[in-house]
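Per UniProt numbering, numbering of the sequence shown is gapless, rising by one per residue and ending at 292.
Everything below concerns the one structure shown next.
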Amino acid sequence: MPDFNNLPDFDSLPPVAGMPSGANSANRNDSDKDGKKDIYGCLNLLTPETVREAYKEAKDGVSFSLNYPMDLLKMHSPRQPMEHKVLSWRDDIKMGDALCLDDTVSFNTQASTQWDSLLHYAHQDSQCFYHGTQATKEQLTQETRAYDREKALPTLDHWHDRGGLVARGVLLDYRAYARAKGIEYTPFSRHAITVADLEAIAAHQGTEIRRGDVLFVRSGFSEDLAPLDGDQQNEKMTQGGWGAIGVEGTRETARWFWNKHLAAVAGDMLGFEVFPAVNEEGQPSMTAPLGK
């Protein structure tokens with residue numbers, strides 16, 4: 001496991017055979033001194049000291065939900081759409097005559113706001129996830145969490161044991177910046193947000209990015225998609241050649257994310273990285289949780 005208190009520069013990261021260069025060396029197949037692999041990735045940057053500093057940023061006492069509706073994606077997709085049922089104790093569950101209503105919800109978590117775990121998308125050539133972990137659908141399909149009591153897999157359920165995710169959030173607002181600078185684009189086509197763009201936005205906003213931050217990038221994709229019905233969403237995506245705005249996935253991007261020492265990254269885009277992606281080198285999700 002890397003020493004997260006003394007991380008090397010991106011270009012000094014040790015190479016791993018068969019892996020892309022740089023931050024993807026986190027896919028090395030090694031263990032801690034106690035024989036266990038790390039399961040938290042860049043969340044290890046969220047030390048008590050870092051979190052205490054984050055608390056000092058709160059000024060107004062106002063909170064904002066970053067969740068979109070669970071049925072945000074209505075377009076035709078092989079992924080299961082959201083299904084919501086209301087069940088009556090009396091008529092459906094047969095639990096006596098009391099008037100009481102339950103809800104059941106079934107949906108694919110990729111269909112709306114969610115975090116990708118470090119077991120979501122593997123390095124395709126090696127078929128390995130974070131820290132060289134290999135996992136199968138069968139391993140992860142269990143009725144209880146007892147299957148990973150030893151914390152062998154970097155899945156989201158272990159965030160609970162760590163106390164959840166508490167951090168300083170930083171927003172880089174590409175949409176507002178583009179409007180201010182006269183940059184025209186549609187979120188529904190392949191439009192890359194570069195490292196130069198991110199640096200320019202931070203300077204434009206007067207935003208300082210610190211170690212252990214969770215970085216949010218706003219593109220306007222989800223807010224433009226949300227009001228549309230399924231056919232309209234499909235039409236927008238088709239017109240754009242099934243491309244979508246996102247952060248450019250390059251070695252330069254991977255270097256920037258790593259050297260900023262971010263705890264996690266997130267955005268309102270279809271896949272955070274510009275879609276379709278060109279290569280795997282720029283994927284922060286190899287080491288950092290990815291929200292979208």
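We treat Cβ as the ideally placed atom computed from N, Cα and C, and that holds for glycine.
Self-check item: Cβ distance (whole Å) where A288 is taken to contact V274 below 8 Å
Solution: The residue labelled residue 288 in the question sits at position 288 within the sequence shown. The residue labelled residue 274 in the question sits at position 274 within the sequence shown. Not a contact, Cβ separation roughly 17 Å.
Self-check item: Nearest residue (CA-CA) to R175, options V105, K74, T109 and D268
Solution: In the sequence shown, the residue the question calls residue 175 occupies position 175. Closest option to R175, Cα to Cα, is D268.
Exercise. Could you tell me whether the Cβ atoms of L119 and T104 are closer together than 8 Å?
Key: For the purposes of this step, residue 119 is identified with residue 119 of the sequence shown, where counting begins at 1. For the purposes of this step, residue 104 is identified with residue 104 of the sequence shown, where counting begins at 1. No; because the gap between Cβ atoms is not below 8 Å, this pair is not in contact.
Quiz item: How long is the line joining the alpha carbons of D161 and H76, rounded to whole angstroms?
Solution: For the purposes of this step, residue 161 is taken as the residue at position 161 of the sequence shown. For the purposes of this step, residue 76 is taken as the residue at position 76 of the sequence shown. If I take the Cα positions, the gap works out to 37 Å.
Practice problem: Over the uninterrupted beta strand (DSSP E) stretch that includes R218, give me the two end residues. | Solution: In the sequence shown, residue 218 corresponds to position 218, counting from 1. Where R218 is concerned, the enclosing beta strand (DSSP E) stretches over V214 to R218.
Exercise. Compute the minimum distance between the beta carbon of A202 and the heavy atoms of the ligand ATP, and state whether it is under 7 Å.
Key: The ligand ATP is not part of this structure, which contains no ligands at all.
Self-check item: Cβ neighbour criterion (16 or more within 10 Å) applied to S219
Solution: As a first step, residue 219 must be located in the sequence shown, where it is residue number 219. S219 comes out buried.
Self-check item: Top-ranked residue by Cα proximity to E184, from I245, G241 and E223
Solution: The count along the sequence shown starts at 1 and reaches residue 184 at position 184. Of the listed residues, the one whose Cα sits closest to E184 is I245.
Quiz item: Do three or more CB pairs link the segment 56-75 to the segment 247-265 at distances below 8 Å?
Solution: Output reads no: the segment 247-265 does not touch the segment 56-75.
Quiz item: For the beta strand (DSSP E) that G267 lies in, which residues bound it at each end?
Solution: For the purposes of this step, residue 267 is taken as the residue at position 267 of the sequence shown. Start and end: A264 to G267.
Quiz item: With distances taken from CA atoms, which of K137, F107 and A254 is nearest Q80?
Solution: Position 80 of the sequence shown, counted from the first residue, corresponds to residue 80. Cα-wise, what sits closest to Q80 is F107.
Quiz prompt | Beta-carbon proximity check, L156 vs W115, cutoff 8 Å | solution = Reading the sequence shown from its first residue, position 156 is the one you call residue 156. Reading the sequence shown from its first residue, position 115 is the one you call residue 115. A contact, by the Cβ cut-off of 8 Å.
Practice problem: Could you spell out the range, first to last residue, of the alpha helix (DSSP H) harbouring residue 305? | Solution: The shown model of the chain, from 1 to 292, leaves out residue 305, and the question about it has no answer.
Quiz item: Just to confirm, are L72 and A122 a CB contact at a threshold of 8 Å?
Solution: Counting from 1 along the sequence shown, the entry for residue 72 is found at position 72. Counting from 1 along the sequence shown, the entry for residue 122 is found at position 122. In this structure, A122 does not lie closer than 8 Å to L72 by Cβ.
Quiz prompt | P276 beta carbon less than 8 Å from that of G221 | solution = As a first step, residue 221 is located in the sequence shown; it is residue number 221 there, counting from the start. As a first step, residue 276 is located in the sequence shown; it is residue number 276 there, counting from the start. Checking the sequence, you will find Phe at residue 221 rather than Gly. The answer is no: Cβ separation not under 8 Å.
Quiz item: Buried or exposed: N6, going by 16 or more other Cβ atoms within 10 Å of its Cβ?
Solution: As a working mapping, residue 6 is identified with position 6 in the sequence shown. Burial call: exposed.
Quiz prompt | Beta-carbon gap between residue 293 and V195 smaller than 8 Å | solution = Outside the modelled stretch of the chain, which goes from 1 to 292, sits residue 293, for which no answer is possible.
Quiz item: Would you report the Cα separation of V51 and V170, rounded to the nearest angstrom?
Solution: As a working note, residue 51 is residue 51 in the sequence shown. As a working note, residue 170 is residue 170 in the sequence shown. Rounded to the nearest angstrom, the two C-alpha atoms are 14 Å apart.
Self-check item: Proximity below 8 Å, CB of G271 to CB of P154
Solution: Position 271 of the sequence shown, counting from 1, holds the residue named residue 271. Position 154 of the sequence shown, counting from 1, holds the residue named residue 154. Going by C-beta atoms, G271 is not nearer than 8 Å to P154.
Quiz prompt | Option in K137, A167 and K94 with minimal Cα separation from P48 | solution = Counting from 1 along the sequence shown, the entry for residue 48 is found at position 48. Of the candidates K137, A167 and K94, the one whose C-alpha sits nearest the C-alpha of P48 is A167.
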